[in-house]
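Residue numbers (the numbering used here): 753 to 1642. Here's the structure, in structure tokens; my notes come after.
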């Protein structure tokens, strides 16, 4: 009896085992059927779609409206590029227009004045025009300028100001600003003669037409922007028309040509963005770019900050950003401004001016005085904009819908289907896994970038930008897919693939929802970006697709359609933002200084882009059957790309192609130094070629150069390392990475730099006032370092207590930096006083270094310069001038 019972029991177990085995076989068959998508097809479609968006952006970004040619039948309100380009050619024909030079203070000024006076003779009967030549002097404190701060003193800077009004003048005005000066050794076509040329043409259109102006229009041609924004400060703080100005449109450049981008707005006054979006025919700009610029990572600034900080005026900051390779070089010529570029800029600016000229909100913005605007253009065709307060509501709504969706999903599946897990914990595991993949991807790509630098191929993407795709994007995509495939094989192997794909989607949704929530609560307008990765994919995939075709995951075709459609909107916006960002950042890496590894920076930014862009799409990995083969294909492509970069010219960073240069910047200074004791006697003197590196590569590409080979690394000896920097950027351009070719060949310069103590008296107990007289060229810098036991408590340089420069990481000196310049030569020397308070025992009060910078004229390039420049390869672009460093003890 016992044996029969045992036999029956055993037969029952056998039957259960058979059923269990059949169930497992069914699951294997089902899983196999759900993982039969072809990885090559899926990811070629994904990458191809991204490539199409990129190529579309590239094509559009390099397309411009047809230039208008001048003629008798031309309408009075039509911008004409031919006339504007005529001005561009004439202004740049004067050569580099450094403030204080004949080219800037006489030739450029006279040309603009004469053109404006010609227009004045043709003015419409309903209009009146006033022209004013302002000569201004002053001083101010520049804070957080290229991550540093210093004082600026200017004398006799010239501004040409043109005001156009109706016969009955309004009390309210708005300002359009450009600058006609340039840096040394650059004709400054893109920066910023092109904007001044556009303004001249618009002055002609507005003043000679019958268009009604409700508000006055003021055009400022300022003569000293490259002098650390001095002329605009003189205008907005001193000019008689400044108080009537309600808003400003600032025009500048970080390149040559291309689309002009709105990259700063406000502060507040969201109606300005609305006016721009509703009026210009070719809008371009994003609040993401604005908030990125506000991080202070871009090594430049514009007059916009002067109008904003010192004039308390809101406005729009608009700049050309294409072809930053030629920015501030000899290649910034009219020929690199594409045909149609001026037409596009002129059409946009004219439309915006006419909009503002009749906008009642200029005089009284009302409720639109406060708040911010979210804005993003779509392919430069139109601009989407809405108030931040609406964006906050939309963002929180998308977060709420995401959490609601995840909650509903958690109720659809049983613990048995999830193999003993609950749905939400699995989603959280997927979130953590995805974030870990992001971090590891960034570390991996940073390692690739560092490895390429150490292999002698630093900045291999600088000229050949497609190398970013080959060496950074391909391995990052392969790495992300490989890690997710690992999770599929070991963590998710018991759960049905279609369910794992859904868990991954919900995890991605949760990630974007968290980012949306964090950025929104932080008050950032760019929070709309993660919202776009949250709301459209959720709505299209879970509501639209599931209602139209519930079994859309059953075929590869329908899966691809739904996946691409759900990500289309955020993918396009993200691609456009990163396209603009890379267009700006890549050329900047050639002048980003010695402290930042550009390969690591570009690698990390690229990894961020790939992780964001592919987060939803890599979910297809869980439905593919041949991913390992596809990963081998990607690895092979990467290996070939690395070999090409390492062993062919495709990996060389720079190019001297005259039709499209991407050169290495070199800063060679013919330097003379003299160190004086307290009696005025020279105790040390030297001279030679000081070569300052502008990028991370330094001199490594031409160590065999005679001058470099016979140079020594610069050792610090004196205030600011004993080196005559034009502005205090030692934190970016490390003096210890510069080299000094000392040959005691003195430059011949006039006028020489002299600092004379003309008075010393006690003004308060323990406070001495030292009065000085300084003479020298039109550009000088001064370093003030109080001796131990002394403190600088007051001066005549600027109002308020003196603030020292931020200390370098390798220096503890308390240094005050003053930048001095003049335009028209002053009648008297520069005089100032310094008040020092004794805080301890001191035999001397202070040491002062006065440096001369000879930036133009016959003296700014010497025979030593010429010999060095002749020894450089054609893929370099030097910016030479003469500098002197005179250290005094008092």
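Positions of the beta carbon are idealized from the N, C-alpha and C atoms, including for glycine.
State the DSSP-derived secondary structure class of residue i, mapped to helix, strand or coil.
i: residue 1474; result: helix
i: residue 1345; result: coil
i: residue 1624; result: coil
i: residue 1173; result: coil
i: residue 1591; result: coil
i: residue 828; result: coil
i: residue 1401; result: helix
i: residue 1564; result: coil
i: residue 1148; result: helix
i: residue 1632; result: coil
i: residue 1056; result: helix
i: residue 1017; result: strand
i: residue 1601; result: strand
i: residue 1431; result: coil
i: residue 1574; result: strand
i: residue 1218; result: coil
i: residue 1325; result: helix
i: residue 849; result: coil
i: residue 1506; result: strand
i: residue 728; result: Since the first residue of the chain shown is 753 and the last is 1642, residue 728 is not available in this structure.
i: residue 1445; result: strand
i: residue 1418; result: strand
i: residue 1608; result: coil
i: residue 1452; result: helix
Compare the Cα-Cα distances from residue i to each of the options and report the closest residue.
i: residue 1565; options: 1548, 1545, 1537; result: 1537
i: residue 992; options: 882, 1087, 1150; result: 882
i: residue 1606; options: 868, 1632, 1475; result: 1632
i: residue 1642; options: 974, 1600, 1107, 911; result: 1600
i: residue 1342; options: 1411, 1374, 1448; result: 1448
i: residue 1543; options: 1594, 1189, 1058; result: 1594
i: residue 1055; options: 1044, 1120, 979, 1012; result: 979
i: residue 1192; options: 1539, 1362, 1387; result: 1362
i: residue 1584; options: 1627, 1521, 1591; result: 1521
i: residue 1337; options: 1045, 806, 1388, 1170; result: 1045
i: residue 1138; options: 1074, 1179, 1025; result: 1025
i: residue 1458; options: 869, 1624, 798; result: 1624
i: residue 853; options: 1567, 910, 1174, 1396; result: 910
i: residue 1557; options: 1112, 1576, 1534, 1540; result: 1534
i: residue 1230; options: 1370, 1075, 1455, 836; result: 1370
i: residue 1473; options: 1479, 884, 1488, 1461; result: 1488
Using C-beta distances below 8 Å, list every residue in its chain close to residue i, excluding the 5 sequence neighbours before and after it, in chain order.
i: residue 1269; result: 1147, 1148, 1151
i: residue 873; result: none
i: residue 957; result: 828, 829, 830, 831, 1102
i: residue 1237; result: 1373, 1379, 1380, 1383
i: residue 1322; result: 1281, 1284, 1285, 1288, 1289
Looking only at its chain, what residues have a beta carbon closer than 6 Å to the beta carbon of residue i, apart from the 5 residues adjacent to it on each side?
i: residue 1482; result: 1560
i: residue 1122; result: 1020
i: residue 1621; result: 1630
i: residue 1260; result: 1367, 1368
i: residue 1427; result: 1435, 1436, 1639
i: residue 839; result: 949, 952
i: residue 1267; result: 1282
i: residue 1613; result: 1632
Excluding the five sequence neighbours on either side, which residues of its own chain have a C-beta within less than 7 Å of the C-beta of residue i, listed in chain order?
i: residue 1183; result: 1259, 1262, 1263
i: residue 1278; result: 1039, 1040, 1043, 1271
i: residue 1420; result: 1441, 1443, 1617, 1620, 1630, 1632
i: residue 1114; result: 924, 926, 967, 998, 999, 1108
List the residues that DSSP assigns as beta-bridge partners of residue i.
i: residue 1155; result: The partner list for residue 1155 (beta bridge, DSSP) is empty, contrary to what the question assumes.
i: residue 1534; result: 1570, 1602
i: residue 1513; result: 1521
i: residue 1583; result: 1525
Let me see if you follow: with CB-CB separation under 9 Å, is residue i close to chain C or not?
i: residue 1335; result: The structure shown has no chain C; it contains just one protein chain.
For the stretch 1078-1089 against the stretch 1035-1047, are there 3 or more C-beta pairs whose distance is under 8 Å?
Contact between the stretch 1078-1089 and the stretch 1035-1047 is not established, with fewer than three Cβ pairs separated by less than 8 Å.
Is the stretch 909-926 close to the stretch 962-970, with three or more CB pairs under 8 Å?
yes
Report yes or no: do three or more beta-carbon pairs, one from the stretch 1346-1361 and one from the stretch 1198-1214, lie closer than 8 Å?
yes
Pair every Cβ in the stretch 927-942 with every Cβ in the stretch 845-857, then say whether three or more of these pairs are closer than 8 Å.
yes
At least 3 beta-carbon pairs within less than 8 Å: the stretch 1408-1417 vs the stretch 1383-1392:
no
Three or more C-beta pairs under 8 Å: does that hold for the stretch 1390-1401 against the stretch 1216-1235?
yes
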